[in-house]
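Just so we're on the same page, the working numbering is the position in the sequence shown counted from 1, plus 3. Just so you know, even glycine gets a beta-carbon here, dropped at the ideal spot from N, CA and C. Since we're looking at a predicted model, the values are computed, not measured.
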Amino acid sequence: MKKLKVGVFGIKRGVAYADLFSVNPYTEVVAICDYDDFSTKKFLKDKKGITVYNNYDKFLEHDLDIVVLCNYCTEHAPAAIKALNSGRHVLSEVIACKTLSEGVELCRAVEKSKKVYMLAENYCFFAYTQEMERLYKEGIIGEYLYGECEYVHDCRGFWHILTSGKDHWRNWLPSTYYCTHSLGPIIKITNTRPVKVVGFVVPNTLSREVGRIGDDWGVFICIMDNNALTRVISWSTGPHDSIWYRIHGTKGVMENNRWRDTDVLNLYIVELNEELEIKEEKKSYTPEFRKYKEEVKKSRAWGK
Ligand SMILES: NC(=O)c1ccc[n+]([C@@H]2O[C@H](COP(=O)([O-])OP(=O)(O)OC[C@H]3O[C@@H](n4cnc5c(N)ncnc54)[C@H](O)[C@@H]3O)[C@@H](O)[C@H]2O)c1
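Written out as structure tokens, the structure reads:
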């Protein structure tokens, strides 16, 4: 079987993808691109047969079927457009684009190329978010009415590892721009899309201690295309991390645990009988991966 040839752009987060594509029987990693010698040397230590580039245009001249974008967060759209225009499939790290016009340009490039473009929003693929999607699609909680989702990640203790210099994107990116870890699963589970949005931020107080000038906390509310409301906490910094999703439907509600044992899913099915009595059934369990369970164990993906 001929394997698809994969090239990874950006070899920090990109190491996780290189590992994933190496255990995938249908793919092989043949090239990487990064201008940081330290990262490329560290990556290549126990590997052979991978060509290293420090220039993205030169990297695109390599024989590649798939380009994986793990370069700076705010520079994905132009890199994706170049790769699509050169006839490659693209897997892009979050976020897809930083302005509306970049988004339109990206969509047009995808349509014209007829190639696969995928945003690698890995939080949609936790065992419990996949289980929420299955339950929703089976109609267990009815139609989506209201949801909440949040991604609070206090990275101050390892900020120096995550950033390189004061202009690094993590130091200035508005909190609300990094919203896919929270909103992504809600969109995928309910198959609804935001059509209106209003948002606010908590001004920078805490993260300035480590050199960030962007806001500490971002909150926005979306009206979805079925009129449901979603309250989103985008990437925010504050004491105690939280990755949490709560979805209310017409027949029930589901959420993962918020503060501890967060892989546990809680499901409440509510019935109102003719006498207007409420009957509630509750179930709490830790869902397992239904697909790719063994591959998940072998890979070094961020997320579970
Ligand atoms: N999904 C997740 O859970 C998750 C976790 C971490 C990071 N990320 C995403 O991964 C991406 C990368 O983040 P990171 O943590 O690796 O840090 P980073 O953004 O600092 O790393 C980017 C890497 O790309 C290289 N690079 C950038 N532009 C280049 C260019 N023009 N030519 C050559 N090399 C170039 C840099 O040298 C660096 O090694 C970001 O988009 C981030 O949002 C996602």
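Open item on the list: Quick check: is any heavy atom of ligand 1 less than 7 angstroms from the C-beta of C100?
Closed with: no
- [ ] Select from G255, N276, I192 and L63 the residue whose C-alpha is nearest the C-alpha of K286.
- [x] G255
Task: In chain order, each alpha helix (DSSP H) run of at least 4 residues that lies wholly inside the region 243 to 301 - done: 296 to 301
- [ ] Tell me where the alpha helix (DSSP H) around Y131 begins and ends.
- [x] A130 to K140
TODO: Give the single residue among M4, A86 and T240 whose Cα lies nearest to the Cα of Y29.
DONE: M4
Open item on the list: My parser needs the alpha helix (DSSP H) runs of 4 or more residues fully inside the region 173 to 219; what are they?
Closed with: 183 to 193
Task: Cβ-based burial, P188 [other Cβ within 10 Å; buried from 16] - done: buried
Task: Bridge-paired residues (DSSP) for Y149 - done: L232 and H251
TODO: Compare the Cα-Cα distances from S95 to each of K8, V71 and I236 and report the closest residue.
DONE: V71
Task: Sheet register partners of H92 (DSSP bridge) - done: I69
Task: Selection from G150, L176, T166 and G160 that minimises the alpha carbon distance to I192 - done: G150
- [ ] State the Cα-Cα distance for the pair V205 and T132, rounded to the nearest angstrom.
- [x] 28 angstroms
Open item on the list: So, at 6 angstroms on beta carbons, what are the nonlocal neighbours of S210 in its own chain, with the 5 sequence-adjacent residues on each side left out?
Closed with: D219 and T240
- [ ] Mind the definition here: the region 108 to 122 touches the region 245 to 254 only if three or more C-beta pairs lie below 8 angstroms; say whether that holds.
- [x] no
Task: Reduced DSSP category for V97 - H, G, I as helix; E, B as strand; rest coil - done: coil
Open item on the list: Quick check on Y75: does DSSP put it in helix, strand or coil?
Closed with: coil
Task: Span separating the alpha-carbon of Y288 from that of A130 - done: 11 angstroms
Task: G221: CB within 7 angstroms of a non-hydrogen atom of ligand 1 - done: no
Open item on the list: Would you say the beta carbon of Y75 is closer than 7 angstroms to some non-hydrogen atom of ligand 1?
Closed with: yes
Open item on the list: Using a Cβ-based criterion (distance less than 7 angstroms to any ligand heavy atom), does Y38 qualify as near ligand 1?
Closed with: yes
Open item on the list: One question on the structure: do Y20 and C73 come within less than 8 angstroms of each other, judged by their Cβ atoms?
Closed with: yes
- [ ] Report yes if the C-beta of N174 is less than 7 angstroms from at least one heavy atom of ligand 1; otherwise report no.
- [x] no
Open item on the list: So K85 and L103 are supposed to be a Cβ contact under 8 angstroms. How far apart are they, rounded?
Closed with: With a Cβ gap of about 20 angstroms, K85 and L103 do not count as contacting.
- [ ] Kindly list the residues whose CB is nearer than 7 angstroms to the CB of G252, restricted to its own chain and excluding five residues on each side of it in sequence; keep chain order.
- [x] I144, G145, E146, Y147 and L148
Open item on the list: With the cut-off set at 8 angstroms, would you say D266 and N259 are in Cβ contact?
Closed with: yes
- [ ] Would you tell me roughly how many angstroms separate the C-alpha atoms of E298 and E291, rounded to the nearest one?
- [x] 13 angstroms
TODO: Confirm the yes/no value for this check: CB of K8, any heavy atom of ligand 1, distance under 7 angstroms.
DONE: no
TODO: Can you give me the Cβ contacts of K199 inside the same chain, cut-off strictly under 6 angstroms, excluding the 5 residues immediately before and after it?
DONE: I226
Open item on the list: What does the Cβ neighbour count give for R215, buried or exposed, with the cut at 16 atoms within 10 Å?
Closed with: buried
Task: Rounded Cβ spacing between Y180 and I69 (contact assumed at less than 8 angstroms) - done: Not a contact, Cβ separation roughly 26 angstroms.
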